[in-house]
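Enquirer: This is the structure I want to talk about, given as structure tokens.
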Amino acid sequence: MVHRKSFLVLWLFWVSASSAQHPLPRIITCGWNAPTVAQFARDLDKMPGELPLTGCVLTLHADSGNPDPLATAHGTDDWSQLDVRRSIEAAAGVSKESMPDNYLLLKANPGAVDWFDDDGWQTIVDHYRIAAGLARQAGLRGLLLDFEPYTDPHRQFQYSRQAAATEHDFADYQTAARRRGREMMKAIAAEFPDAEICTYFLLSYFIDDHHHRGPSPVGRSDDQWCLAGHAYGLLPALVDGWLDVLPPSITLIDGCENGYWFTSARQFQHCAEAVRTQGVQLVAVENREKYSKQVRVAFPIYLDAIHPKLAGQYTLQPTRSDRLALLKRNLNAAIAFGDGLVWLYGEQGRWWPEAGDESLWKGKDTYPHWETLLPGISQAIQSVVADATQQSALKVQPPTKPSAQPDSEPSESTAAGGDGEIGASVLDLEPVWETFKADPRGAVVLGNGQVTITAAEDASGMATFTIEPNRRYMIQVQVVQQGRGLTRMSIRWQTPDGQWRTSREDDVVAYPPDGDPFTPRTITAIVTAPPRPHRMVVICNASRQLTNDDAALFGNLLIGVVDD
5 MVHRKSFLVL
15 WLFWVSASSA
25 QHPLPRIITC
35 GWNAPTVAQF
45 ARDLDKMPGE
55 LPLTGCVLTL
65 HADSGNPDPL
75 ATAHGTDDWS
85 QLDVRRSIEA
95 AAGVSKESMP
105 DNYLLLKANP
115 GAVDWFDDDG
125 WQTIVDHYRI
135 AAGLARQAGL
145 RGLLLDFEPY
155 TDPHRQFQYS
165 RQAAATEHDF
175 ADYQTAARRR
185 GREMMKAIAA
195 EFPDAEICTY
205 FLLSYFIDDH
215 HHRGPSPVGR
225 SDDQWCLAGH
235 AYGLLPALVD
245 GWLDVLPPSI
255 TLIDGCENGY
265 WFTSARQFQH
275 CAEAVRTQGV
285 QLVAVENREK
295 YSKQVRVAFP
305 IYLDAIHPKL
315 AGQYTLQPTR
325 SDRLALLKRN
335 LNAAIAFGDG
345 LVWLYGEQGR
355 WWPEAGDESL
365 WKGKDTYPHW
375 ETLLPGISQA
385 IQSVVADATQ
395 QSALKVQPPT
405 KPSAQPDSEP
415 SESTAAGGDG
425 EIGASVLDLE
435 PVWETFKADP
445 RGAVVLGNGQ
455 VTITAAEDAS
465 GMATFTIEPN
475 RRYMIQVQVV
485 QQGRGLTRMS
495 IRWQTPDGQW
505 RTSREDDVVA
515 YPPDGDPFTP
525 RTITAIVTAP
535 PRPHRMVVIC
545 NASRQLTNDD
555 AALFGNLLIG
565 VVDD
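Under our numbering, the first residue of the sequence shown carries the number 5, and numbering increases by one thereafter.
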């Protein structure tokens with residue numbers, strides 16, 4: 005049986021911002037191959053050779069105690085007696101004229117200190133004060149902050165993972181995070197008043213919806229719902245605290261880590277302009293002028309994903325054989341649309357000489373040189389940087405629109421909301437339902453085509469349909485919730501023998517449209533089925549719920565063939 009129904013689809017557009025005169029490119033290395041401060045001092049006279057590198061990210065090896073203390077900046081260890089004097093003095097004693105852009109790496113782990121823990125946060129603030137002082141003493145440019153959580157189950161910036169989340173609402177935590185941000189920045193500025201504070205990401209993580217981090221709050225009336233359910237929802241409040249006390253002499257750099265996966269110049273342009281024009285909307289009105297003046301955009305190149313095999317399923321455009329051309333395209337765009345700084349991130353290769361006795365962890369992090377892994381990469385980087393430097397000298401502006409079209413058009417698999425109408429013929433299909441919980445907590449109940457999820461960290465009701473290859477489908481489901489939590493609909497694909505299709509391009513995640521989460525909202529997605537026979541799996545998911553008072557109800561699931 006076929007029914008006619010119109011579906012509403014929201015298409016988002018962005019507006020180009022005018023580009024300022026472009027600074028000279030600064031290219032730094034980072035990743036698993038990062039030298040320690042002591043190795044940096046030992047080998048700086050051998051770098052950068054023919055490469056146009058201007059600096060690197062550094063780790064700090066302690067000669068006694070925890071070898072890698074700065075990896076736990078958000079812990080409660082006492083750093084007052086760190087055994088790092090040998091390394092800091094060695095770095096302070098070498099000229100950095102050939103590579104001036106060097107940053108000391110800190111990680112926001114383990115992240116187990118609650119934002120309301122005054123004693124714990126005094127220790128964390130002290131860590132930032134000490135690290136800033138060490139970076140200044142070593143003659144470095146500043147700090148590089150990595151906010152990604154590596155110590156499960158802790159997540160410093162996710163509301164639902166805070167120890168007192170059942171006692172304080174999200175707004176309370178935002179207030180606390182902003183206060184800690186002020187404390188942190190005051191401590192940094194006191195020790196290093198003209199530091200550059202680089203990050204792998206700041207508000208760039210909020211400008212677009214993301215399949216597991218959460219929906220973008222930009223321009224939405226339910227922005228608090230978006231942030232409360234976002235994996236980094238407390239980060240904008242921390243940044244607000246920084247800006248409250250940020251002196252004019254300190255620059256913040258958003259590293260736009262999501263640039264790892266960009267496949268066109270247009271994506272770099274969109275990201276840079278969105279960080280500047282949309283990211284500013286996520287800070288308090290009184291801080292927006294400071295944000296615009298003192299926040300800069302940087303971009304990464306993920307070298308393992310450029311290599312045809314090292315990144316596995318995360319290889320960038322794996323069908324392309326011209327890997328160096330891909331590198332040059334992304335590096336060109338990173339320089340053209342960022343504010344000068346580009347970070348070459350690598351995991352299974354190195355730029356520096358082998359660390360030997362000055363390694364962070366003895367016997368580990370020994371990798372081939374990137375020139376061995378990607379022959380010709382040095383020359384490719386040189387040519388891009390030389391061209392960019394010449395353009396800067398000639399005062400040539402980067403184009404406001406990329407001259408080249410994207411290598412691939414936007415996928416037809418997309419989340420949708422509502423502005424223009426797309427017609428679809430609703431199919432009378434009976435799905436096979438099952439439940440899934442990624443965590444033992446909570447409950448999933450199926451019945452009468454509805455899914456009820458309660459008190460779950462991550463749980464789903466999954467409906468499997470048999471569909472035709474190469475057809476465009478529209479899927480809609482209604483959702484309403486009570487209490488806390490994040491809701492979404494995902495579309496994935498299984499082969500007839502039950503194997504999941506793993507292509508990043510095929511999976512789709514859609515969030516509810518802007519509106520009140522406590523009234524029914526319709527989530528919509530448009531997908532194109534893979535060319536070979538597959539089963540479509542519609543996943544109704546709720547996550548980041550805390551108590552039995554937090555629940556989500558999904559119902560009225562519809563699937564239709566999009567009309568030609």
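Heads up, the beta-carbon is just placed ideally off N, CA and C, and yes, glycines get one too. From a predicted model like this one, the values you see are computed outputs, not experimental measurements.
Under the rule that 16 or more other beta-carbon atoms within 10 Å means buried, what is Tyr204, buried or exposed?
Expert: Along the sequence shown, one-based indexing puts residue 204 at 200. Result: buried.
Enquirer: Under the assumption that Trp355 contacts Thr33 (Cβ atoms under 8 Å), give the Cβ distance between them as a whole number of angstroms.
Expert: If you number the sequence shown from 1, residue 355 lands on position 351. If you number the sequence shown from 1, residue 33 lands on position 29. 5 Å between Cβ atoms; contact.
Enquirer: Exposed or buried, what is Ser415 when buried is set at 16 or more other beta-carbons lying within 10 Å of its beta-carbon?
Expert: In the sequence shown, residue 415 corresponds to position 411, counting from 1. Per-residue confidence for Ser415 stands at a pLDDT of 41, beneath the threshold of 50, marking its modelled position as unreliable; the derived number appears in the next sentence. By the 10 Å Cβ count, Ser415 comes out exposed.
Enquirer: Thinking C-alpha only, which one of Gln386, Phe44, Thr127 is nearest Asp361?
Expert: As a working mapping, residue 361 is identified with position 357 in the sequence shown. That would be Phe44, whose Cα lies nearest to the Cα of Asp361.
Enquirer: Do you know offhand how far Met189's Cα is from Leu250's?
Expert: Here residue 189 is taken as the residue at index 185 of the sequence shown, counted from 1. Here residue 250 is taken as the residue at index 246 of the sequence shown, counted from 1. Taking the straight line joining both Cα atoms gives about 7 Å.
Enquirer: Per the DSSP calculation, Phe151 is bridged to which residue(s)?
Expert: On the sequence shown, residue 151 is found 147 positions in, with the first residue counted as 1. In DSSP, Phe151 forms no bridge with anything.
Enquirer: Whose CA, out of Gly223, Pro157, Ile310, Cys544, lies closest to the CA of Tyr264?
Expert: Taking the first residue of the sequence shown as 1, we reach residue 264 at position 260. When only C-alpha atoms are compared, the closest one is Ile310.
Enquirer: By Cβ distance, which residues of its chain are closer than 6 Å to Leu231, with the 5 residues on each side in sequence left out?
Expert: Numbered from its first residue, the sequence shown carries residue 231 at position 227. Pro221, Gly237.
Enquirer: Measuring from the CB of Val531, is there a heavy atom of the ligand HEM at a distance below 7 Å?
Expert: With respect to small molecules bound, the structure shown includes none, and the ligand HEM cannot be examined in it.
Enquirer: Looking only at C-alpha atoms, which of Arg270, Asp248, Val284 sits nearest to Ile339?
Expert: Here residue 339 refers to the residue found at position 335 when the sequence shown is read from its first residue. Out of Arg270, Asp248, Val284, Arg270 has the C-alpha closest to the C-alpha of Ile339.
Enquirer: Per DSSP, what kind of secondary structure is Ala42 in: helix, strand or coil?
Expert: Here residue 42 is taken as the residue at index 38 of the sequence shown, counted from 1. If DSSP states are grouped into helix, strand and coil, Ala42 belongs with the helices.
Enquirer: Give the secondary structure of Asp258 by DSSP, where H, G and I count as helix, E and B as strand, and everything else as coil.
Expert: Numbered from its first residue, the sequence shown carries residue 258 at position 254. In this structure, Asp258 counts as strand in the three-state DSSP scheme.
Enquirer: What is the residue span of the beta strand (DSSP E) that Val61 lies within?
Expert: On the sequence shown, position 57 is the one that residue 61 refers to. Looking at the DSSP string, the run of the beta strand (DSSP E) that includes Val61 is 59-62.
Enquirer: Going by the CB atoms, is the gap between Ile530 and Pro516 shorter than 8 Å?
Expert: Counting from 1 along the sequence shown, the entry for residue 516 is found at position 512. Counting from 1 along the sequence shown, the entry for residue 530 is found at position 526. Contact: no.
Enquirer: By the three-class DSSP mapping on this structure, what secondary structure does His78 have?
Expert: Taking the sequence shown and counting its residues from 1, one reaches residue 78 at position 74. Three-state result, His78: strand.
Enquirer: Cα separation between Thr506 and Leu55?
Expert: Looking up residue 506 in the sequence shown gives position 502. Looking up residue 55 in the sequence shown gives position 51. Going from the Cα of Thr506 to the Cα of Leu55 covers about 36 Å.
Enquirer: Could you tell me the alpha carbon to alpha carbon distance between Gly564 and Ile471, rounded to whole angstroms?
Expert: Here the question's residue 564 lines up with position 560 in the sequence shown. Here the question's residue 471 lines up with position 467 in the sequence shown. Approximately 10 Å between the Cα atoms of the pair.
Enquirer: With DSSP as the reference, identify every bridge partner of Gln273, one or two as the case may be.
Expert: What you label residue 273 is simply residue 269 of the sequence shown in a count that begins at 1. DSSP, once it has assigned bridges, lists no residue as partnering Gln273.
Enquirer: Using the beta-carbon count (16 or more within 10 Å), is Phe17 buried or exposed?
Expert: Translated into the one-based positions of the sequence shown, residue 17 becomes position 13. With a pLDDT of 28 at Phe17, under the threshold of 50, the modelled position of this residue cannot be trusted; read the value that follows with caution. Exposed: under 16 other Cβ atoms inside 10 Å.
Enquirer: Classify Thr551 as buried or exposed, calling it buried when 16 or more other Cβ atoms lie within 10 Å of its own Cβ.
Expert: Here residue 551 corresponds to residue number 547 of the sequence shown, with the count starting at 1. That one is exposed.
Enquirer: Of all the options Arg145, Trp504, Val542, Ala329, which has the alpha carbon lying nearest to the alpha carbon of Ser494?
Expert: Counting from 1 along the sequence shown, the entry for residue 494 is found at position 490. The shortest C-alpha separation from Ser494 is found at Val542.
Enquirer: Have a look at Pro524 and Val484 and give me their C-alpha separation to the nearest angstrom.
Expert: Within the sequence shown, numbered from 1, the residue matching residue 524 stands at position 520. Within the sequence shown, numbered from 1, the residue matching residue 484 stands at position 480. Spanning the two alpha carbons is a distance of roughly 5 Å.
Enquirer: Apart from the five residues just before and just after Pro357, which ones in its own chain have a Cβ nearer than 7 Å to its Cβ?
Expert: One-based indexing of the sequence shown puts residue 357 at position 353. Contacts found: Asp47, Lys50.
Enquirer: Opposite Gln485 in the DSSP bridges: which residues?
Expert: Residue 485 sits at position 481 when you count from the first residue of the sequence shown. Answer is Ala556, bridged to Gln485.
Enquirer: Do you know offhand how far Leu307's Cα is from Gln178's?
Expert: Numbered from its first residue, the sequence shown carries residue 307 at position 303. Numbered from its first residue, the sequence shown carries residue 178 at position 174. Computed Cα separation, rounded: 36 Å.
Enquirer: Helix, strand or coil, according to DSSP, for Trp497 in the structure here?
Expert: The sequence position of residue 497 within the sequence shown is 493, counting from 1. Trp497 falls in the strand class under three-state DSSP.
Enquirer: On the DSSP bridge list, what partners appear for Thr470?
Expert: As a position in the sequence shown, residue 470 is number 466, starting the count at 1. Paired residue(s): Arg539.
Enquirer: Within a Cβ cutoff of 7 Å, which residues of the same chain sit near Asp568, ignoring the five residues on either side of it in sequence?
Expert: Here residue 568 is taken as the residue at index 564 of the sequence shown, counted from 1. So no residue of the chain qualifies.
Enquirer: Whole angstroms is fine: what's the gap from Gln549's alpha carbon to Val449's?
Expert: Locating residue 549 in the sequence shown gives position 545, where the first residue counts as 1. Locating residue 449 in the sequence shown gives position 445, where the first residue counts as 1. Each residue's alpha carbon lies about 15 Å from the other.
Enquirer: Roughly how many whole angstroms lie between the Cα atoms of Ala24 and Val299?
Expert: Locating residue 24 in the sequence shown gives position 20, counting from the first residue. Locating residue 299 in the sequence shown gives position 295, counting from the first residue. At Ala24 the pLDDT is 48, less than 50, meaning the model places this residue with poor confidence; the figure from the coordinates comes in the next sentence. Whole-angstrom Cα-Cα distance: 14 Å.
Enquirer: Sort Ala136, Ala135, Trp374, Pro537 by Cα distance to Gln503 and report the nearest one.
Expert: The sequence position of residue 503 within the sequence shown is 499, counting from 1. Answer by Cα proximity: Pro537.
Enquirer: So, helix, strand or coil for Arg55, using DSSP?
Expert: Within the sequence shown, residue 55 is the residue found at index 51, counting from 1. The sequence given here places Leu at residue 55; Arg does not occur at that position. Looking at Leu55 - three-state DSSP - the assignment turns out to be coil, as it is neither helix nor strand.
Enquirer: Quick check on Ser296: does DSSP put it in helix, strand or coil?
Expert: Mapped onto the sequence shown, residue 296 falls at position 292. Note: Ser296 maps to helix in three-state DSSP.
Enquirer: Per the DSSP calculation, Tyr477 is bridged to which residue(s)?
Expert: Translated into positions along the sequence shown, residue 477 becomes position 473. DSSP, once it has assigned bridges, lists Val531, Val565 as partnering Tyr477.
Enquirer: Which residues does DSSP list as the beta-bridge partners of Asn545?
Expert: In the sequence shown, the residue the question calls residue 545 occupies position 541. Looking at the DSSP assignment, Asn545 forms a beta bridge with Ser464, Arg492.
Enquirer: Assuming Arg30 and Gly59 are in contact, meaning their beta carbons sit under 8 Å apart, how far apart are those beta carbons, in whole angstroms?
Expert: Within the sequence shown, numbered from 1, the residue matching residue 30 stands at position 26. Within the sequence shown, numbered from 1, the residue matching residue 59 stands at position 55. With 8 Å as the limit, Arg30 and Gly59 qualify as a contact, their Cβ atoms being about 7 Å apart.
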